[in-house]
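Residue numbers (the working numbering), protein chains in the order written: chain A, 8 to 288; chain B, 84 to 347. Note that beta-carbon positions come from the ideal geometry of N, C-alpha and C, so glycine has one too. Quick notes on the structure that follows.
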Amino acid sequence: MADELNAADALGSAQAPALSIRNLHVSYGEREILHGISFDVLAGETVVILGGSGSGKSTLLRTLVGLERPTSGDVILRGKNLCAMTEVEWRELRQHIGISFQSGALFGSMTVGENVALPLLEHTQLDPATIEIMVRLKLNEVGLNGYEDYMPAQLSGGMKKRAAVARAMAMDPEILFFDEPSAGLDPIIAAGIDQLLLKLKEAFGITIIVVTHELASAFLIADRMVLLDKGHIVAVGTTAELQASTHPRVRQFLDRVAEPEISQEIDYLQMLTGEVARPRQ
Amino acid sequence: MPFAENIGASTLDGLAYLGGLAKLGVSAARAIVQDIFERRRLAYGRAMHQAMAVGIGSLPILSLITFFIGTILALQSAYELRKFGALQFVADAVAISVSRELGPLITAILVIGRSGSSFAAELGTMKVNEELDALETMALDPVRFLVAPKLLSMLLMMPCLTIWADFMGVIGGAVFGIAAADFTFKTYIIATLNALALRDIVTGLIKSVMFGLVITTVGCQEGLRTGLGAEEVGRSTTSAVVKSIFLVIMVDLVFTTMFYLGIS
């Protein structure tokens, strides 16, 4: 059955991947953003999806968590093809994944504790006292002990991200997705978030997928990296393999080399359209 | 013929918009029924919170406005009635105008300004802040979680607010009646009760429920359709207020016509 592909066979590896992406195409209207993405994420590893602005990395993350629907391809998670799942199946699956959004996306009208408790209240039959204990545990795990009654607006940027991680962890997910975890944070706070991700991985063995363009953070937390450029995968490999890569786009990204300045109108049009523009008559 | 094409396109857009409102209303109503049967504690809590915001929060300003409207109506009616020496009918004119038309309408316009706009702004901000995405990824349906409690609270509070608006309108009329038309408070209230039929109150309440449905669905639909960026939240809020006022007047026209035809 197409929607129950054996992901291990597809990988050709002894270890079954937690997530397997095959020939994934995603479009917004007529415009294709991802052009046939394929890679695997093994259980318990941290994969960082790197890429510049407009590379399609956020679209890829949104597709993996079901916020965008692909035009074609397969995404295999828990033995199911996400691209062929019904709404009911998605609802069941989403209880096994956690997402930490770039802005934190905490509900502003609820306290931090209520935010973390929400998935537990909605998806479990636990009594309020147990939920309260679990909320404290989750906040303790992310270093926010005692912040249950704070409103999100009272927290700093780094604390909001930590609270968002606690909420993402509430249902003990098998896979955690992070969208730009260090974005908008100062280097010290960003380093704290990196340490938190490493701690979660070590303590719980969770599979973690991070989308970012922060190189220092990526090299610190990643087991493997996927470099995206204009909707294509440029490189997949361990941090050492990427560091050693001689691929021009990989080198340009890792060595932070700016794009050549565009001085000619025709070059600018070519950049915008991605095609060779005809000179004006 | 671009003119005819534009009219056709606008009509189709308008129908699609109304279809969207109907779909949202049905989804929210279904969620309310499901929540009631499944006895979900969270939905009740949110509905109560919304009801307090929509209802109790509106009371002071609604009382003041409808009191003044009652007095203004009495003054306007008296202007014509005194020509015929019929000032004693001021109570009848105020009671019927307020209960059948102005009570529900003024309540609706006030609730649009207070709650319809805040629904759009709240959902729009949540969309911009990725909170709606977060809800979806937590397997929580934004319609069930956000729209249904608002609809439930609005359907409960609009008739209550309308009854209160009717009462305050009558009191406003009574001030004029006592000051300028030889009424005592007691005789004014008796005249009002004699003038009103149950049908007058019920037609106003039916309208108020329909207005509540329109205000919630328009406010929430505009919020849920907010684009990216803070300025889009402002656009959604303005659009929610303008469209709600227009649709409330349309619904009022339709129901007033139906009641008129029903009577005759």
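Tell me the DSSP secondary structure of residue i in three-state form.
i       : result
V230(B) : helix
Y157(A) : coil
R231(A) : strand
R113(B) : helix
E37(A)  : coil
H42(A)  : strand
D137(A) : Position check: residue 137(A) holds Thr in this sequence, whereas Asp was assumed. If DSSP states are grouped into helix, strand and coil, T137(A) belongs with the helices.
N88(A)  : strand
T70(A)  : helix
T320(B) : helix
T154(B) : helix
E75(A)  : coil
D193(A) : coil
E219(B) : helix
A280(B) : coil
M333(B) : helix
R308(B) : coil
R263(A) : coil
E121(A) : helix
Q132(A) : coil
E99(A)  : helix
F268(B) : helix
T93(A)  : coil
H132(B) : helix
V257(A) : helix
N89(B)  : helix
Distance, Cα to Cα, residue i vs residue j?
i       : j       : result
F268(B) : M251(B) : 13 Å
A251(A) : A229(A) : 15 Å
A35(B)  : Y127(B) : Nothing about residue 35(B) can be read from this structure; chain B reaches only from 84 to 347.
M141(A) : G196(B) : 41 Å
V257(A) : E96(A)  : 38 Å
K210(B) : L249(A) : 36 Å
A325(B) : L244(B) : Here residue 325(B) turns out to be Val, not Ala, going by the sequence shown. If I take the Cα positions, the gap works out to 21 Å.
I254(B) : L234(B) : 30 Å
S327(B) : A248(B) : 20 Å
A278(B) : E184(B) : 15 Å
K206(A) : P159(A) : 23 Å
P187(B) : P232(B) : 22 Å
A177(A) : L203(A) : 15 Å
L156(B) : F114(A) : 45 Å
A225(A) : I83(A)  : 24 Å
I200(A) : T246(A) : 19 Å
S188(A) : V137(B) : Correcting the residue identity first, residue 188(A) is Pro in this sequence and not Ser. Cα to Cα, P188(A) sits roughly 37 Å from V137(B).
G306(A) : M135(B) : Because chain A is modelled from 8 through 288, residue 306(A) falls outside the range shown and cannot be assessed.
P194(A) : E221(A) : 11 Å
A263(B) : I273(B) : 17 Å
A92(B)  : F86(B)  : 10 Å
G43(A)  : H132(B) : 47 Å
T321(B) : G306(B) : 11 Å
H47(A)  : L162(A) : In the sequence under discussion, the amino acid at residue 47(A) is Asp, which differs from the His named in the question. Each residue's alpha carbon lies about 36 Å from the other.
I119(B) : L276(B) : 37 Å
Across which residues does DSSP place residue i in a beta bridge pair?
i       : result
R29(A)  : D81(A)
P24(A)  : L49(A)
S107(A) : F185(A)
A242(A) : L234(A)
L57(A)  : T219(A), L234(A)
T214(A) : I182(A)
Report the residue from the options whose alpha carbon sits nearest the alpha carbon of residue i.
i       : options                            : result
I179(B) : S291(B), A313(B), G310(B), L281(B) : L281(B)
S201(B) : G260(B), G102(B), T190(B), G302(B) : G302(B)
G287(B) : F172(B), F150(B), P242(B)          : P242(B)
L183(A) : H130(A), F108(A), M158(A), Q259(A) : F108(A)
V218(A) : L133(A), G43(A), T137(A), T70(A)   : T70(A)
V181(A) : A50(A), A171(A), G36(A)            : Strictly speaking, residue 181(A) in this sequence is Glu, with Val absent from that position. Nearest of A50(A), A171(A), G36(A) to E181(A), Cα basis: A50(A).
V72(A)  : G105(A), P135(A), G238(A)          : G105(A)
V109(B) : L142(B), V297(B), G312(B)          : V297(B)
E315(B) : M237(B), G199(B), A203(B)          : A203(B)
V149(A) : P135(A), Q132(A), K167(A)          : K167(A)
A171(A) : S110(A), S45(A), L127(A)           : S110(A)
F338(B) : G312(B), A313(B), V292(B), A323(B) : V292(B)
R38(A)  : P135(A), R143(A), G63(A), T53(A)   : G63(A)
I289(B) : Q159(B), T154(B), L238(B), L215(B) : L238(B)
Does the stretch 332 to 343 of chain B touch the stretch 223 to 233 of chain B, meaning 3 or more C-beta pairs lie closer than 8 Å?
no
For the stretch 213 to 222 of chain B against the stretch 89 to 104 of chain A, do three or more pairs of beta-carbon atoms, one drawn from each stretch, fall closer than 8 Å, so that the two count as touching?
yes
Taking 8 Å as the threshold, find out whether the stretch 233 to 244 of chain A comes into contact with the stretch 57 to 69 of chain A through three or more Cβ pairs.
yes
Whether or not the stretch 78 to 85 of chain A and the stretch 25 to 39 of chain A are in contact is what I'm after, with contact meaning three or more pairs of Cβ atoms, one per stretch, closer than 8 Å; do they touch?
yes
Decide yes or no for the touch test of the stretch 162 to 171 of chain B against the stretch 141 to 149 of chain B: beta carbon pairs closer than 8 Å, at least 3 of them.
no
Are the stretch 117 to 134 of chain A and the stretch 155 to 166 of chain A touching by the rule of at least three beta carbon pairs closer than 8 Å?
yes
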